[in-house]
Every structure is written in C-alpha cells, then in structure tokens.
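Using mature numbering (1 follows the signal peptide of the UniProt record, and there is no 0), the letters of the sequence shown map in sequence onto residues -26 to -1, 1 to 300.
To start, the structure under review is shown below, and the notes come after it.
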Amino acid sequence: MHRRAHLTQLAALLLAGGLPLGNAHAQRQYPSKPIRFLVGFPPGQATDTVARMIAERMAQKLGQPIVVENKPGQGGSAVMSYLMQQPNDGYAVTLSATGAVLTNLYLQKNLPYGLDDFTPVSLIGDLPLVLVARPDMPFNDLEGMLAYAKANPGRLSYASPGNGTTAHLTMESIKKESGARIVHIPYQGSARAIADLMGGQTDVAFDTMPVTLPHVQAGKLKLLAVGHSKRLSEFPQVRTVSESGFPNVTASVWIGMFGPKGMPANVTDTLNQTLVDVIREQEMTRKLESLGLFVRTFTPSDFGKFLKAEAPRWKQAVVNSGATVD
C-alpha cells in the first residue's frame, strides 16, 4: 500500500515537472549532436590554429563532430558577446584569449559582459608574443628598434591583430616606457597583419609564435625579441622583452575554453576532462609546443580562481600603458 502511494506521488511529480528526468537524461547523454567551437579571430590566427587542432581530436573522443566557427571583431569581444546569447547546454563554447576575456573589459566601453557571464572550462596554455620585423629594417633587436624610432619619430609603424589585443597593449606599454613614437596599424586578425608586414605596408609587429616563426624560419621576417620569461631554444641569441629593459611588460597571452553562464556541471566536467586528456596526449602536447604554446590546464574551479586573480593585474597593465579603444 505504501509502495503504491509512493509510486503515485512519483508519477505526479514527473507529470508536474518536479523531477526533470528528461533534462537529466539529455545531460547524461552529452554530447548527442555536433558542438560548435567559436573563435573570435579569422582563420590563421593563433587561437584559430589551436582550436582546429584540439577540435579534431576532441571530436574523436566525444563521438560527435566539432565545427570551428570564426566570428572576428572588437579584438575578440564580438565572439564573447555572441556566446552570451547561446544556450548553456554545452553545444556552443569558445576558445578565447586574454584580450577578449580580460583586457577588453578595461579597454572597451560599454561591453555587455563581465567575467561572471561565462562558465570557465579550462586553461589550455600560454602563447608568448614575439617581436618581428621586415628583414630590410636597419635594426636587429628591440633596443635597436627603439633607437631607430626615437631618431625617426612617427616614421616607424607596427601592425597588430586588432585594437585591444595583447599585441596592441604590449607595444603601447613599451612605447610609454621608452618614449618612442611608433604608429599603430590595427587589423582584424593576424593573417592579414603579418601578410602586410611582409609586403612592406608596415615595419614591425608583435604577434604569437604560431603565425610568426614559420616566416622567421623562411627568412621573410627577423626576430627581435621574445615575450616569454625564457629565451627560445631555437633562437638562443634573441633576448627576451624583460632582458631588453622592460621587466614589467606582459608580453604573453593565454588561451582557454569557456561556455555560457550556467552551463551544467556535468557538461562542463565532460568538456574539461576531454580537453585536458587531449592536450596531455604526448603527440598533441608535442604539436602544441611546436606552435609555441606552453601547455597549462586547470579544473573548472581552479580556472575560475585563476581568472579572478588575473583581472586586477591586467587592469593595471591597461592603466600603465595608457592604451584605449573607442
């Protein structure tokens, strides 16, 4: 009798929606359809390159296709705004970088989002910036570039992947500390910025290693400085930005995965575990490191704590640089 009453109550709860077993079942089955990786820069940019490498392997492990969608604009902020409008079911996530997630909060006015508007999944790794120049430029390091810029104020130009990117912020910080006048030429993404640099439209550029080092190795660009804390083993003679007189300038970006706010914990954990497993595979780690990405991962909880700790540091970096974006 008691068992029959209990079953009757259970049926009533199910009919009333008191036990959302349908949603729980759907979550247990995640993923049951293709996943979209949203990238805030055009094809060829570092985040895009990393996203496509990881997407292919994660799709194999999850048993569902992963489609990379490029949504460039506003230094990566456009894709974060777009992500806010997507369902929080784990079928739309972004691989995004420092600029879009943090620095743009202090550079751009009236952004519709903040850190609390997203679900952190995991950090993927760090991408140091490098300073490159055309081979015909009459200097071979950062100090030489600044000396040339001071002797020829306003004649030197630098390309960046866009207003508000870490490359933009880094060069503006160096300009402020050194007093050099160098003209900023912003692009929508790294591919066009580097192409125009090699074509002679600009003179120097800060950008990530995946999009610059192949051209350095081919002799189409020369390496002036490295943004990592240590020199590159492939170019041991090239000094770091810190060694070149700018110990307080951050010249590195990180890439991480984010979902919309309120993404279910089991979905977040599935993405996190699959992502970390893929990144830690020996072959994938080797491929990422060959691109210049230094692998670093977190649990979702620790990634959230990391972001909270990073925010004031990047806010101060923006203030120190004097950089602004309309």
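Glycine included, every Cβ here is placed at the ideal spot set by N, Cα and C.
Residues of its chain near residue i, where Cβ-Cβ distance is below 6 Å and the 5 sequence neighbours each way are ignored
| i | result |
| --- | --- |
| I159 | S131, A133, T176 |
| V157 | S131 |
| A291 | T224 |
| H189 | L195 |
| T72 | T140, V227, W228 |
Short CB-CB distance (under 8 Å) between residue i and chain D
| i | result |
| --- | --- |
| K235 | As a matter of chain content, chain D is missing from the structure shown, which is built from one protein chain. |
Integer-rounded CB distance, given that residue j should sit under 8 Å from residue i
| i | j | result |
| --- | --- | --- |
| F92 | L69 | With 8 Å as the limit, F92 and L69 do not qualify as a contact, their Cβ atoms being about 12 Å apart. |
| R31 | V252 | 5 Å |
| L245 | V67 | 7 Å |
| T259 | V250 | That pair is no contact at about 11 Å. |
| L195 | V106 | 4 Å |
| G49 | G138 | 3 Å |
| L171 | R108 | 7 Å |
| V104 | G201 | 6 Å |
DSSP-derived helix/strand/coil call for residue i
| i | result |
| --- | --- |
| Y161 | coil |
| R287 | helix |
| G193 | coil |
| residue 302 | The question about residue 302 has no answer here: the residues shown for the chain are numbered -26 through 300. |
| R260 | helix |
| I168 | helix |
| I156 | coil |
| A297 | coil |
| D181 | strand |
| L89 | helix |
| V200 | strand |
| T21 | helix |
| F280 | helix |
| T214 | strand |
Extent of the continuous alpha helix (DSSP H) run through residue i
| i | result |
| --- | --- |
| Y80 | 78 to 81 |
| L246 | The question names Leu, but residue 246 is Asn in the sequence shown. Per DSSP, N246 belongs to the alpha helix (DSSP H) from 239 to 254. |
| residue 320 | No information on residue 320 is available, as it lies outside the stretch -26 to 300 that the chain covers here. |
| M54 | 51 to 58 |
| A121 | 116 to 125 |
Residues near residue i in its chain [Cβ-Cβ closer than 8 Å; skip 5 each side]
| i | result |
| --- | --- |
| D22 | V13, F15, P16, V42, N44 |
| P86 | S55, M58 |
| V241 | Q1, Y4, D63, G64, G233 |
| Q204 | Note on identity: in this sequence residue 204 is Lys, with Gln being the wrong assignment. Counting only Cβ-Cβ distances below 8 Å, and skipping sequence neighbours, we find T214. |
| F277 | P94, V95, S96, L97, G230 |
| I40 | P8, I9, R10, F11, A29, E30, M32, A33 |
| S218 | D115, L116, E117, A199 |
| Q82 | Q48, G49, S51, G138, V299 |
Start and end residues, beta strand (DSSP E) containing residue i
| i | result |
| --- | --- |
| residue 320 | Shown here, the chain extends from -26 to 300; a query on residue 320 therefore has no answer. |
| D66 | The identity of residue 66 in the sequence shown is Ala, whereas the question assumes Asp. A66 -> beta strand (DSSP E) spans 66 to 71. |
| R10 | 9 to 13 |
| A107 | 92 to 107 |
| E43 | 40 to 44 |
| S134 | 131 to 134 |
Chain-order list of residues whose beta-carbon lies under 7 Å from that of residue i (same chain, five-residue window excluded)
| i | result |
| --- | --- |
| P135 | F15, Q19, A141, Y161, G163, S164, A167, D181 |
| N(-4) | For N(-4), the predicted structure reports a pLDDT of 44, less than 50, and the residue's modelled location is therefore unreliable. A value from the coordinates is still provided. Result list for N(-4): empty, nothing under 7 Å. |
| G88 | L79 |
| H(-2) | Confidence at H(-2) is low in this model, with a pLDDT of 44, below 50, so the placement of that residue should be treated as unreliable; the coordinate-derived value is given next. Nothing listed; no residue qualifies. |
| E284 | L76 |
| S295 | L143, E146, S147, K150 |
Legend entry - Segment contact flag, the region 94 to 103 with the region 146 to 155, C-beta cutoff 8 Å, min 3 pairs: They do not touch, by the three-pair rule.
Inset, instruction - Mind the definition here: the region 111 to 121 touches the region 206 to 224 only if three or more C-beta pairs lie below 8 Å; say whether that holds. - result: Yes, they touch.
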